[in-house]
Amino acid sequence: MILSLIVYTGMAMVMAWLGHHVCNREQRVMAQGGAELPWWSWEIMVAVVLYVVVSALRWQTSWDYNMYYSYYVSIQSLGEYSRENFEPGFALVTHAMAKAGVHFSIYFAFWAAIQILLLTYALRHRKVLLPWIALCIFMGPYYIFWMGFVRQSVVECLFVVMVELIVRRKFWLYFLLSLVAISIHKMCVFFLPLYLVPLIPMRSMKRWVPFVLMAVCVLLGTFPIWVKWIFDAIGNIADVLGYGHYYRLFMSNDLEYAFRPVMGPSRMFPLLSCLVMMWYYPAIKRMFSGDRYLSALYRFSLVYMAYINLFANTTQYLSRPGELMRACFLIMMGYTFCYLWRERKWLVLLGLAFLNFYYVYYEILKAFACIPEFLLCLLRDS
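Numbering (the numbering used here), first residue to last: 5 to 386.
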């Protein structure tokens, strides 16, 4: 636990310092008439290497990690998966690396490298956000989730690159990358309709409308019996989306597993962070005037938070499609932090920092709280 505390806090601070350094260096260069620094600046590359090395050294950190590890070593020892329904793109890379004798730590390092390279590439013109993004990743829930949900984490980071293609109206390239994403995680079929989200008109929308819509989503998510009605309507299409198990579960009326009440910090704090972002968005937009990428990310962040709250009290697997936009919300938090810092809104900044930087310490505290019970069990067994 102490090691985890040191690693997460240390990585957050080092990565934030590297982001701050490259941002300041770029501003000095541009003040002297130069161009912005390239994506492969040494600070960013050092951050990439650190991220990859730490990710490679992790061991048995979650159930999903152990699942991917077991599948990988089963290929090396048996020549085949113990699971056959992985997507073809992910399976191709996994088989190639496993049969080439690549160590499993390098395998996990490869996927971590894809994550961080995609994310930093998406922010190559927005280096001012890098320090805040680094703090959110390592002190918030992002890094822990990304290291567990390997396939989903890669397509999440790919999507923030694809958002720029939507802004630039490059549909066919967006479509091609969507196919690549689908070959890694089948849930990415939702990328195709998500292309329309930035086209939603919001100029004439009253400022209070997003707050009301979010409140409705929270209310519906608190009593999610309507989810059963959706599965009744879509029927066997659920099998195509990978949710056939839940369709049959709902049809059997065995809903104890499907519905689970959730109202803890992991749900409430992101929601409160979203409300802060929504309140200050008009001012953030003025500060970063002309940044169409910001406007698109804001829309995706609202859809993400609305979706997550709609399905918050159901099984985690039903929230997966919404989680494809999680990295959009991460970057919007970077914009929000940057605005609050520049405008010296210190109290709001501290509050938002608490909401976003609590997660690692909260998880460590929960683990620490289990120690007395664990020791008691050992004494009882002995």
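Glycine included, each C-beta is placed from N, C-alpha and C at the ideal position.
Annotated three-state conformation of Thr226 is helix, per DSSP. Note on the region 281-321: whole alpha helix (DSSP H) runs with a minimum of 4 residues are 296-314, in chain order. Remark: three or more beta-carbon pairs, one from each stretch, lie closer than 8 Å, so the region 310-321 and the region 206-226 are flagged as touching. Between the alpha carbons of Gly23 and Val52 lies a gap of roughly 11 Å. Residue burial annotation: Ala100 is exposed, with fewer than 16 other C-beta atoms found within 10 angstroms of its C-beta. Annotation: the continuous alpha helix (DSSP H) that includes Lys103 extends over 92-103. Residue nearest to Val158 within the set Pro145, Ala138, Ile186 is Ile186 (criterion: CA-CA distance). Rounded to the nearest angstrom, the gap between the Cα atoms of Val18 and Met49 is 13 Å. If one requires a minimum length of 4 residues, the alpha helix (DSSP H) runs lying completely within the region 170-211 are 175-186, 195-198, in chain order. In this structure, the straight-line span from the alpha carbon of Tyr69 to that of Ser277 is close to 28 Å. By the criterion of at least three beta-carbon pairs nearer than 8 Å, the region 285-299 is in contact with the region 335-353. At a Cβ-Cβ threshold of 8 Å, Gly144 and Asn360 count as neighbours. By the Cβ neighbour-count rule, Glu40 is exposed, with fewer than 16 other Cβ atoms within 10 Å of its own. Leu353 sits in a helix when the DSSP states are folded into three classes.
The three-state secondary structure of Pro269, taken from DSSP, is helix. Of the candidates Phe112, Leu177, Tyr76, Phe90, the residue whose Cα lies closest to the Cα of Val56 is Phe112. Contact between Val164 and Ala331 holds: their C-beta atoms lie close to 5 Å from each other, under 8 Å.
Exposed is the label assigned to Trp44, since fewer than 16 other Cβ atoms lie within 10 Å of its Cβ.
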